[in-house]
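Trainee: Numbering-wise (the working numbering), the sequence shown opens with residue 4 and increments by one. The beta-carbon is built from N, C-alpha and C at its ideal position, and this holds for glycine as well. First, the structure itself, so that you have it in front of you.
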Amino acid sequence: MLKGGETMLTQQELLVELLREVNRSLGNHIKDTLAGRKIPAAAVVIMRKIMAEPGITVSELARKTGFAKSNVSGVVEELSRQGWVEKRGDPADHRILRLYLTDSARTLLAAIKADIRKRLGSMLSCISENRAAELVECLQEIHQALKQAGRKERD
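Put into structure tokens, the structure is as follows:
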């Protein structure tokens with residue numbers, strides 16, 4: 004037993020807790036980087052999804068991101084005003100608006116990615132190359148285990 008009636012965690016439970024903390028910390032550092040550029044995280048998520056699926060609609064974006072359609076619509080309107088998203092009518096059905104990233108949005112996303120990598124790389128520079136290689140191998144093993152578990156759950 005630990006102080007305060009806590010029980011000792013198994014190695015797997017400790018691993019889960021550490022992964023959650025690392026994920027939370029990474030998310031906070033990414034949000035800080037975006038705040039420095041005055042760009043909401045939701046806008047970046049939406050731009051990345053549009054880049055991955057050019058011609059996606061607002062409804063599809065909402066479904067795939069898990070954001071409310073009204074929130075997606077508002078973000079898309081702002082991105083359009085900023086010149087980062089272009090709306091085009093669907094040639095087969097003019098009632099449907101399709102979304103595309105502009106070149107300036109692609110440039111912005113590349114700069115954001117570089118900023119985040121630089122910031123996180125600087126923070127993790129205290130980890131030696133050999134240790135980083137070991138950690139990468141361990142994280143790849145965890146990633147594979149999670150993918151396999153996900154496939155089993157879907158089957």
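Using only the heavy atoms of the ligand PLP, determine whether one of them is closer than 6 Å to the beta carbon of ALA45.
Mentor: This structure does not include the ligand PLP; it has no bound ligands of any sort.
Trainee: May I ask you to verify whether the segment 69-76 touches the segment 109-120, counting CB pairs closer than 8 Å and requiring at least 3?
Mentor: no
Trainee: How many Å lie between ALA65 and LYS34 at the Cα?
Mentor: Counted from its first residue, the sequence shown places residue 65 at position 62. Counted from its first residue, the sequence shown places residue 34 at position 31. Inter-residue distance for ALA65 and LYS34 is about 21 Å (C-alpha atoms, whole angstroms).
Trainee: With respect to the alpha helix (DSSP H) encompassing GLY77, which residues constitute its N-terminal and C-terminal limits?
Mentor: For the purposes of this step, residue 77 is taken as the residue at position 74 of the sequence shown. Its alpha helix (DSSP H) spans residues 72-84.
Trainee: Per DSSP, which residues does VAL88 bridge with? Please list them.
Mentor: Counted from its first residue, the sequence shown places residue 88 at position 85. Answer is LEU104.
Trainee: Cα separation between GLN151 and LEU138?
Mentor: Counted from its first residue, the sequence shown places residue 151 at position 148. Counted from its first residue, the sequence shown places residue 138 at position 135. Rounded to the nearest whole angstrom, the C-alpha separation of GLN151 and LEU138 is 20 Å.
Trainee: For LEU100 and MET54, which I take to be in contact (beta-carbon distance under 8 Å), what is that distance rounded to the nearest angstrom?
Mentor: The count along the sequence shown starts at 1 and reaches residue 100 at position 97. The count along the sequence shown starts at 1 and reaches residue 54 at position 51. Contact flag wrong, Cβ pair sits at about 17 Å.
Trainee: When the Cα atoms are used, what is the spatial distance from SER62 to PHE70?
Mentor: The residue labelled residue 62 in the question sits at position 59 within the sequence shown. The residue labelled residue 70 in the question sits at position 67 within the sequence shown. Looking at the two C-alpha atoms, the distance is approximately 10 Å.
Trainee: Should LEU102 be labelled buried (16 or more other beta-carbon atoms within 10 Å of its own) or exposed?
Mentor: Position 99 of the sequence shown, counting from 1, holds the residue named residue 102. The residue is buried, with at least 16 neighbouring Cβ atoms inside 10 Å.
Trainee: Taking the straight line between their C-alpha atoms, what separation do you get for VAL88 and LEU82?
Mentor: As a position in the sequence shown, residue 88 is number 85, starting the count at 1. As a position in the sequence shown, residue 82 is number 79, starting the count at 1. Their Cα atoms are separated by approximately 5 Å.
Trainee: If contacts are defined as beta-carbon pairs under 8 Å, then ILE49 and VAL79 qualify, I think. What distance do you get, rounded to the angstrom?
Mentor: In the sequence shown, residue 49 corresponds to position 46, counting from 1. In the sequence shown, residue 79 corresponds to position 76, counting from 1. That belief holds up - the Cβ atoms of ILE49 and VAL79 are roughly 7 Å apart, short of 8 Å.
Trainee: Leaving out the 5 sequence neighbours to the left and right, which residues in its chain are closer than 6 Å to ARG91 when beta-carbon positions are compared?
Mentor: Along the sequence shown, one-based indexing puts residue 91 at 88. So the list reads ARG101, once near-sequence residues are dropped.
Trainee: If you check the beta carbons only, do ALA45 and LEU37 fall under 7 Å apart?
Mentor: In the sequence shown, the residue the question calls residue 45 occupies position 42. In the sequence shown, the residue the question calls residue 37 occupies position 34. Going by C-beta atoms, ALA45 is not nearer than 7 Å to LEU37.
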